[in-house]
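Undergrad:
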Amino acid sequence: MPYSIFGNKFTRHSGITELMDDLNKGVKGGDDILMLGGGNPAAIPEIQDRLTALMQELLDQGKLVDTLANYDGPKGKDTFITSIAHLFNDLYGWNLTADNIMLTNGSQNAFFYLFNLLAGNFSSGKKRKILFPLAPEYIGYADASVSEDVFVAVRPKITELENQQFKYNIDFDALKITENIGAICVSRPTNPTGNVLTDLEISKLDALAKQHNIPLIIDNAYGTPFPNIIFEEVKPHFNDNTILCLSLSKFGLPGARCGIVIANPTIIKAMSNLSGIMALSPGGIGPEIALPLIKSKEIITLSNNVIKPFYQQKSQVAIELLRQKICNKNFRIHKAEGALFLWLWFKDLPISSSELYKKLKEKGVIVVSGHYFFPGLEQDWPHTQECIRLNYAQDATVVERGIDILAKTVNELYDNNMSY
Ligand SMILES: Cc1ncc(COP(=O)(O)O)c(C=O)c1O
Numbered sequence: 009m010p011y012s013i014f015g016n017k018f019t020r021h022s023g024i025t026e027l028m029d030d031l032n033k034g035v036k037g038g039d040d041i042l043m044l045g046g047g048n049p050a051a052i053p054e055i056q057d058r059l060t061a062l063m064q065e066l067l068d069q070g071k072l073v074d075t076l077a078n079y080d081g082p083k084g085k086d087t088f089i090t091s092i093a094h095l096f097n098d099l100y101g102w103n104l105t106a107d108n109i110m111l112t113n114g115s116q117n118a119f120f121y122l123f124n125l126l127a128g129n130f131s132s133g134k135k136r137k138i139l140f141p142l143a144p145e146y147i148g149y150a151d152a153s154v155s156e157d158v159f160v161a162v163r164p165k166i167t168e169l170e171n172q173q174f175k176y177n178i179d180f181d182a183l184k185i186t187e188n189i190g191a192i193c194v195s196r197p198t199n200p201t202g203n204v205l206t207d208l209e210i211s212k213l214d215a216l217a218k219q220h221n222i223p224l225i226i227d228n229a230y231g232t233p234f235p236n237i238i239f240e241e242v243k244p245h246f247n248d249n250t251i252l253c254l255s256l257s258k259f260g261l262p263g264a265r266c267g268i269v270i271a272n273p274t275i276i277k278a279m280s281n282l283s284g285i286m287a288l289s290p291g292g293i294g295p296e297i298a299l300p301l302i303k304s305k306e307i308i309t310l311s312n313n314v315i316k317p318f319y320q321q322k323s324q325v326a327i328e329l330l331r332q333k334i335c336n337k338n339f340r341i342h343k344a345e346g347a348l349f350l351w352l353w354f355k356d357l358p359i360s361s362s363e364l365y366k367k368l369k370e371k372g373v374i375v376v377s378g379h380y381f382f383p384g385l386e387q388d389w390p391h392t393q394e395c396i397r398l399n400y401a402q403d404a405t406v407v408e409r410g411i412d413i414l415a416k417t418v419n420e421l422y423d424n425n426m427s428y
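Using my numbering, you'd call the opening residue of the sequence shown number 9 and step up by one each time.
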C-alpha cells in the first residue's frame with residue numbers, strides 16, 4: 009500500500025527507532041543482553057521507594073483513579089503547572105505564571121511541536137531551519153520534523169585534556185546565523201556527550217538569538233533543578249526569548265511521559281493549540297505523582313542528595329574501568345559533566361562506529377553508534393564515524409561486563425591493524 013509523503017518519512021529507518029527497539033529488547037532480554045545503549049535512567053532504590061509511597065498515598069486518597077478517569081486541558085494539569093511556576097520563581101526569581109508553562113507527553117513530544125512550529129516551509133515560500141550550534145547533538149531531534157532537511161549543525165572545537173579526556177566547545181567563528189534559521193537548539197547537559205555548555209557559551213547564544221529575533225531552545229532533560237544530573241556549577245538560564253524544556257523522565261518516571269515547557273505565553277499558547285489537536289491533552293499521571301514533590305521542593309533534595317551523587321559515582325567507576333581496560337593511545341573520553349552517558353572517541357578506528365556497534369551487538373553488548381548524533385551536519389568529517397555512546401547508569405555488573413567486552417573488541421581491532 010502506498011504511503012503519503014508524511015507516511016514514507018515517518019516509517020523509514022531512523023536512529024531513534026533502532027535505539028528504542030534495542031532498548032526494549034534489552035529491557036526484556038534479561039541476563040544475556042548488556043544494555044549500555046538507550047537513555048533509560050537507572051532504577052535508584054531510594055527514588056523508587058519514594059515514588060511507590062507517593063502512588064500508594066494517591067491510591068488511598070482516590071486521586072490516582074480521579075486522574076485516570078479525567079482529561080486535563082491541552083496544556084496539562086493546572087495544579088502541577090502552578091506549582092512548577094512557584095518552584096522556579098522561588099529558586100531563581102523568574103516571575104513565571106501559569107501562562108509560561110505547559111506539559112507534553114514527554115519532552116520528545118515538545119521537540120516535535122517546537123521544530124514543526126519554528127522550522128519547515130513557511131507561507132512566504134521561505135524555508136527555515138533549526139540550528140544545532142554544537143554537533144554532536146541528541147539523536148531524538150534527527151527526524152522530528154514533517155519537512156525534509158530542516159536541521160543544520162556546526163562542528164565543535166575540540167580541546168584535548170589530561171587523562172585521555174577531551175571537551176567540545178562551540179566554534180563561534182564558524183557559527184553563521186542566516187535569515188533561514190528559525191531557532192537555535194542545545195541540550196545542556198548534552199546527550200550524547202555529557203558536555204555542559206558554559207555560562208559564557210549560553211550567554212553568547214542568547215545574545216545571538218535575540219539579535220536575530222529567533223528563540224533559543226534549551227533542552228534541560230538532565231539539568232538543574234531536577235533531575236540535576238549535572239556535575240559542573242553553571243547558572244540556569246531563562247528569559248522571554250528562551251524555550252526551556254524539562255522532563256520527569258530522568259528523575260525516574262520515563263514511563264509517565266511528562267515533559268514540561270517553560271517559555272513566553274505566545275509560544276505556550278501556540279504549542280497548547282498544537283497539543284489539543286495532536287493529543288487532546290498530555291497524560292496526567294506523572295504530574296499527579298510528582299505534585300507533592302514539587303510543592304514541598306522535595307524534588308530538589310532528592311535530585312541533589314540522591315540522583316546526582318548516584319550518577320556521578322557511577323560515571324567515575326565506568327571511566328576508571330574504561331581507562332584501565334582500553335590500552336590504546338588513540339582512545340579518548342569526553343569530560344563527564346552530566347547526563348547518563350560517556351562519549352568515547354576511538355581515533356583512527358580501523359572500522360566505523362556502526363560496524364563496531366554491530367560487532368558488539370553480536371557479542372550481546374548494546375551501545376549506540378556515534379554517527380547518529382550529528383543531525384544537520386553536512387560536512388564529511390571522519391570524527392562522526394569514530395565515536396560511540398555508552399550508558400553507564402545500569403547495574404554495576406552489567407556495566408563492567410559490557411566494558412570488558414567493549415575493551416577486548418577495541419583492543420583487538422587496534423592490535424590487528426598494523427599501523428597501531
Ligand atoms: C537530551 C534529551 N532530550 C529529550 C529527551 C526526551 O525525553 P522524554 O521524552 O522522556 O522527556 C531525551 C531522552 O533521552 C534526551 O536525552
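Positions of the beta carbon are idealized from the N, C-alpha and C atoms, including for glycine.
Indicate whether Arg397 and Phe339 have their beta-carbon atoms separated by less than 7 Å.
TA: Taking 7 Å as the Cβ cut-off, Arg397 and Phe339 do not qualify as a contacting pair.
Undergrad: Look up Val194 in the DSSP assignment and say whether it is helix, strand or coil.
TA: Here Val194 sits in strand by DSSP.
Undergrad: Does DSSP put Gly267 in a helix, in a strand, or in coil?
TA: In the structure shown, Gly267 sits in a strand (DSSP, three-state: E or B).
Undergrad: Report whether the distance from the Cβ of Tyr146 to the nearest heavy atom of ligand 1 is below 6 Å.
TA: Yes, the Cβ of Tyr146 comes within 6 Å of a heavy atom of ligand 1.
Undergrad: Rounding to the nearest angstrom, what Cα-Cα distance links Lys137 and Gly148 in this structure?
TA: The alpha-carbon atoms of Lys137 and Gly148 are separated by roughly 16 Å.
Undergrad: Report buried or exposed for Asn129, applying the criterion of at least 16 other Cβ atoms within 10 angstroms of its Cβ.
TA: Answer is exposed; the Cβ neighbour count stays below 16.
Undergrad: In the DSSP assignment, find the unbroken alpha helix (DSSP H) run with Asn361 in it and report its ends.
TA: Going by the sequence as given, residue 361 is Ser instead of Asn. Here the alpha helix (DSSP H) through Ser361 covers Ser361 to Glu370.
Undergrad: Of all the options Gly284, Lys371 and Val407, which has the alpha carbon lying nearest to the alpha carbon of Leu44?
TA: The option with the nearest alpha carbon to Leu44 is Val407.
Undergrad: In three-state terms, what does DSSP make of Tyr11?
TA: Tyr11: coil per DSSP, three-state reduction.
Undergrad: Any heavy atom of ligand 1 closer than 6 Å to the beta-carbon of Ala50?
TA: No, ligand 1 has no heavy atom inside 6 Å of this Cβ.
Undergrad: Hey, Gly291 and Arg265: beta-carbon distance below 7 Å or not?
TA: Yes, the Cβ-Cβ distance between Gly291 and Arg265 is below 7 Å.
Undergrad: For Phe96, report the span of its alpha helix (DSSP H) as first-last.
TA: Run containing Phe96: Asp86 to Tyr100, per the alpha helix (DSSP H) assignment.
Undergrad: Note down, one range per segment and in chain order, each alpha helix (DSSP H) of at least 4 residues found wholly within the stretch 292-363.
TA: Taking only runs of at least 4 residues, the alpha helix (DSSP H) segments lying wholly in the stretch 292-363 are 293-303, 306-310 and 316-333.
Undergrad: Comparing the CB of Asp227 with every heavy atom of ligand 1, is any distance shorter than 6 Å?
TA: Flag set: Cβ of Asp227 near ligand 1.
Undergrad: Based on Cα-Cα distance, which residue from Asn221, Ile178, Pro200 and Ala182 lies nearest to Asp207?
TA: Comparing Cα-Cα distances from Asp207 to each of Asn221, Ile178, Pro200 and Ala182, the minimum goes to Ile178.
Undergrad: Just to confirm the assignment, what range does the alpha helix (DSSP H) spanning Phe119 have?
TA: Unbroken alpha helix (DSSP H) run through Phe119: Ser115 to Leu126.
Undergrad: Which term fits Ser257, buried or exposed, when burial requires 16 or more other beta carbons within 10 angstroms of its beta carbon?
TA: Counting Cβ neighbours within 10 Å, Ser257 comes out buried, since at least 16 surround it.
Undergrad: Nearest-angstrom Cα distance between Leu364 and Ser377?
TA: Spanning the two alpha carbons is a distance of roughly 8 Å.
Undergrad: Between which two residues does the beta strand (DSSP E) containing Asn424 stretch?
TA: First-last for Asn424: Ala404 to Asn424, but that is the alpha helix (DSSP H), not the beta strand (DSSP E).
Undergrad: Taking 6 Å as the cut-off, does the CB of Gly47 come closer than this to any heavy atom belonging to ligand 1?
TA: Yes, Cβ of Gly47 sits closer than 6 Å to a heavy atom of ligand 1.
Undergrad: For Tyr428, which residues of its own chain have a beta-carbon under 6 Å away from its beta-carbon, when the five flanking residues on both sides are left out?
TA: Note that Tyr428 scores a pLDDT of 46, beneath 50, so its modelled location is shaky; the value from the coordinates is reported in the next line. Excluding positions up to five away in sequence, the list reads Tyr422.
Undergrad: Does the Cβ of Gln116 lie closer than 6 Å to at least one heavy atom of ligand 1?
TA: Indeed, a heavy atom of ligand 1 lies less than 6 Å from the Cβ.
Undergrad: Cα separation between Phe123 and Ile251?
TA: Cα to Cα, Phe123 sits roughly 12 Å from Ile251.
Undergrad: Using only alpha-carbon positions, find the residue among Asp248, Gln321 and Leu183 that is nearest to Val160.
TA: Nearest option by C-alpha distance: Leu183.
Undergrad: Could you name the residues of the same chain whose beta carbon sits closer than 7 Å to that of Ser361, not counting the 5 residues immediately before and after it, in chain order?
TA: So the qualifying residues of the chain are Ser377, Gly378, His379, Gln393, Glu394, Cys395 and Ile396.
Undergrad: Pick from Pro82, Ser22, Glu156 and Val204: whose alpha carbon is nearest that of Gly284?
TA: Cα-wise, what sits closest to Gly284 is Pro82.
Undergrad: Can you give the beta carbon distance from Asn347 to Tyr176, rounded, assuming they're within the 8 Å contact cut?
TA: The sequence given here places Ala at residue 347; Asn does not occur at that position. Wrong, their Cβ atoms sit about 13 Å apart, outside the cutoff.
Undergrad: Please classify Cys335 as buried or exposed, where buried requires at least 16 neighbouring CB atoms within 10 angstroms.
TA: So Cys335 ends up on the exposed side.
Undergrad: When burial is assigned at 16 or more other CB atoms within 10 Å of the CB, is Asn247 buried or exposed?
TA: The residue is exposed, with fewer than 16 neighbouring Cβ atoms inside 10 Å.
Undergrad: Could you pull the DSSP bridge partners for Tyr176 from this structure?
TA: BP columns for Tyr176 point to Ile166.
Undergrad: Cα separation between Leu254 and Asn425?
TA: Whole-angstrom Cα-Cα distance: 45 Å.
Undergrad: Expressed to the nearest angstrom, what Euclidean distance is found between the alpha-carbon atoms of Gly294 and Ile52?
TA: Going by the C-alpha atoms only, they are around 17 Å apart.
Undergrad: Return the residue from the list Thr112, Lys366 and Pro262 that minimises the CA-CA distance to Gln56.
TA: The option with the nearest alpha carbon to Gln56 is Pro262.
Undergrad: Express the C-alpha separation of Arg163 and Ile185 in angstroms, rounding to a whole number.
TA: Distance between the alpha carbons of Ile185 and Arg163: 14 Å.
Undergrad: Under three-state DSSP, which class holds Leu216?
TA: The answer is helix: DSSP assigns Leu216 an H, G or I state.
Undergrad: With a threshold of 6 Å, establish whether the CB of Pro262 neighbours any heavy atom of ligand 1.
TA: Flag set: Cβ of Pro262 near ligand 1.
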